[in-house]
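Taking it in order: structure first as structure tokens, then the write-up.
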């Protein structure tokens, strides 16, 4: 799946992943009204609204980008109906040939991580049958529990040809509280980065240069990005925090390798709620999805310019 | 909710939480057969089997223990039907007046943690209505992202009278990989423990001595438990790893305060799959739930003896 992701990045010329994080305040009123008319102001109504909203965006951008990253929390907050909308979104994006990165940030002790891995990337056995639960292509994983929380995911990835991105240095303001603390003389994020390299060492499929054990490093921390890029040369980096969280195109250069690969930049709000920005206000609520398309094209240009320099 | 938990611990004289982590290999064949006869060997069949299995155990133990801790991964692996079984389990346990600790180990950047907090502990707004998603009493939280990943949970706890347990030192073999590394001269778990204390400082409801921001510290690491107990005197500690993972009654003493409170010990497999142990084999598959009851009584005795010393 890492090689499919790379091939799609090269084909679209866009190292971009669109974060499908549908907060209700982003969903145009007309979509909400329609969903509530059918299902009432209920969890089912909310789930229908975010699903229709997602579908509009996916239809408008699927030919431009290699991947999407639905953030499961934004669905999980609406309980079971929300998770059904998550699953519909995953399935629809895969139909559209998009690589789907489930942003689930799971991680637990061994047998429990195995259950998450099976549920999100692999197949679960039921009697003599087996079934995919959520069936994303990649998921994000929290490393706090150490190797035995991570290796159940890599095992399932190997069986299924899928991948993970392990949190190394997150994009949020307080990420440094633990991640930047010097551990035996080096910051924690570097030690986690080294482990990611180690976990990925046997996970290089085919002729590719990149392992299917990737890392998450926030665009908001370009200096750390530079260090981690050098530390983990064969690790693909998922970079959140571009746009609304403050990361700029120029900050992204050091996340890439000399081959122009090695990173994929996420934007969520900046794309999916583009119509709410002054820059794209001309599209209006009705054409929110075209505003998202315009924002993707602008982001692609911003990154291309930064990489040219 | 922390005070309700404490009152129930005192009433039952059992600082015990039963982990409802229903792996299929624990579910008696007759329950599986019945569920598969009705729903086929499908995700729905598996979900029905784990729900009926849970219900049997809860009916047999609800008067003995203050709390249960369903591990969501064991449900999530069966996709949407599994999560419906999780929700049914949560609701049923609450009907039985058990305190429900959702072992979800979520944690993300601010706005995303807020969505998890709302979905698992609080209410989500839909138009002019609001709804509980999963509605556990407590959830477990991963601290890797720092304060802005945790405080959205404490905010919802304050509004709803609920609580969290933050991972500090987990029970698994490789937990030391990052958690034990010396950060600026002190192990990471101590720094996380200090933050837990800080996050909980304003979270002491009523006349109680304990905050509703608790900590997870594995029974498998009694020395670290002793240090953390002293470091966080007002923090309730959720202690996994007793029984099947290797923790013994004698290891637990230092997790408790002088008042005999301050800790609640989890056992999962050791209780719910007791009938598979030689010690309880006399109950047989049919009476698996009575085996669980016997195992709870033995565990209560083991802990009481350890605390007497």
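Residue numbers (the working numbering), protein chains in the order written: chain A, 259 to 567; chain B, 259 to 567. Using N, Cα and C, we set each Cβ at its ideal position, and we do this for glycine too.
Query: Who are the neighbours of residue 310 of chain A on chain B, taking C-beta pairs under 8 Å?; Result: Those do not exist, as residue 310 of chain A stays about 15 Å from chain B at its closest Cβ, beyond 8 Å.
Query: Count the other CB atoms, across all protein chains shown, that sit within 10 Å of the CB of residue 372 of chain A; report buried if there are 16 or more and exposed otherwise.; Result: buried
Query: Across which residues does DSSP place residue 440 of chain B in a beta bridge pair?; Result: B:445
Query: For a test of the three-state rule: what should DSSP assign to residue 535 of chain B, helix, strand or coil?; Result: coil
Query: Once DSSP output is grouped into helix, strand and coil, what is the label at residue 279 of chain A?; Result: coil
Query: If you check the beta carbons only, do residue 397 of chain A and residue 389 of chain A fall under 8 Å apart?; Result: no
Query: Could you have a look at residue 480 of chain A and say whether DSSP puts it in helix, strand or coil?; Result: helix
Query: I'd like to know if residue 442 of chain B contacts chain A, where contact means its C-beta is closer than 8 Å to some C-beta of that chain.; Result: yes
Query: With residue 345 of chain A as the anchor, note down where its alpha helix (DSSP H) starts and where it stops.; Result: 337 to 353
Query: Do the region 319 to 336 of chain B and the region 265 to 274 of chain B meet, that is, are 3 or more Cβ pairs less than 8 Å apart?; Result: yes
Query: At 4 residues or longer, and completely inside the region 491 to 551 of chain B: list those alpha helix (DSSP H) runs for me, N to C.; Result: 527 to 530
Query: How far does the alpha helix (DSSP H) with residue 317 of chain B in it extend, from its first residue to its last?; Result: 301 to 319
Query: Alpha carbon to alpha carbon, what distance is there between residue 512 of chain A and residue 478 of chain A?; Result: 12 Å
Query: From this set, A:541, A:515, A:510, which residue's C-alpha is nearest residue 559 of chain A's C-alpha?; Result: A:510
Query: What does residue 374 of chain A touch in chain B if you count any residue whose Cβ is under 8 Å from its own?; Result: 331, 334, 335
Query: Answer with yes or no whether the minimum CB distance from residue 483 of chain B to chain A is below 8 Å.; Result: no
Query: Reducing DSSP to helix, strand and coil, say where residue 470 of chain A ends up.; Result: strand
Query: If contact means a Cβ-Cβ distance below 8 Å, which residues of the region 395 to 414 of chain B contact chain A?; Result: 400, 401, 402, 403, 404, 405, 406, 407
Query: Does any residue of chain B bring its CB to less than 8 Å from the CB of residue 519 of chain A?; Result: no
Query: Kindly provide the ranges of any alpha helix (DSSP H) runs that are 4 or more residues long and lie completely inside the region 386 to 419 of chain B, ordered along the chain.; Result: 405 to 418
Query: Between residue 429 of chain A and chain B, is there a C-beta pair that is closer than 8 Å?; Result: yes
Query: Who does residue 425 of chain A pair with in a DSSP beta bridge?; Result: A:474
Query: Just to make sure I have the definition right: I need the residues of chain A whose C-beta is within less than 8 Å of the C-beta of residue 387 of chain B. Which are they?; Result: 299, 300
Query: Leaving aside the five residues before and after residue 418 of chain B along the sequence, list all residues of the same chain whose C-beta is less than 7 Å from its C-beta, in chain order.; Result: 379, 380
Query: Can you list the residues of chain A that residue 439 of chain B reaches, using a CB-CB cut of under 8 Å?; Result: 441, 442, 446, 449
Query: Give a yes or no on whether 8 Å exceeds the smallest Cβ distance from residue 347 of chain A to chain B.; Result: no
Query: State buried or exposed for residue 476 of chain B, treating a residue as buried only when at least 16 other CB atoms are found within 10 Å of its CB.; Result: buried
Query: Among residues of its own chain, excluding the 5 on either side of residue 267 of chain B, which ones have a beta-carbon nearer than 6 Å to its beta-carbon?; Result: 273, 324
Query: Do residue 508 of chain A and residue 564 of chain A have their C-beta atoms within less than 8 Å of each other?; Result: yes
Query: Nearest to residue 493 of chain B by alpha carbon, out of B:307, B:519, B:500?; Result: B:519
Query: Would you list the residues sitting across from residue 289 of chain B in a DSSP beta bridge?; Result: The partner list for residue 289 of chain B (beta bridge, DSSP) is empty, contrary to what the question assumes.
Query: In the DSSP assignment, find the beta strand (DSSP E) that holds residue 383 of chain A and state where it starts and stops.; Result: 381 to 384
Query: Starting from the beta carbon of residue 455 of chain B, find every residue of chain A whose beta carbon is closer than 7 Å, and list them in chain order.; Result: Those within 7 Å of residue 455 of chain B in chain A number zero; the least Cβ separation is about 14 Å.
Query: Between which two residues does the beta strand (DSSP E) harbouring residue 377 of chain A extend?; Result: No beta strand (DSSP E) contains residue 377 of chain A, which is instead part of the alpha helix (DSSP H) from 368 to 378.
Query: Is there a Cβ of chain B sitting closer than 8 Å to that of residue 543 of chain A, yes or no?; Result: no
Query: So which of A:517, A:516, A:525, A:489 has the shortest CA-CA distance to residue 496 of chain A?; Result: A:525
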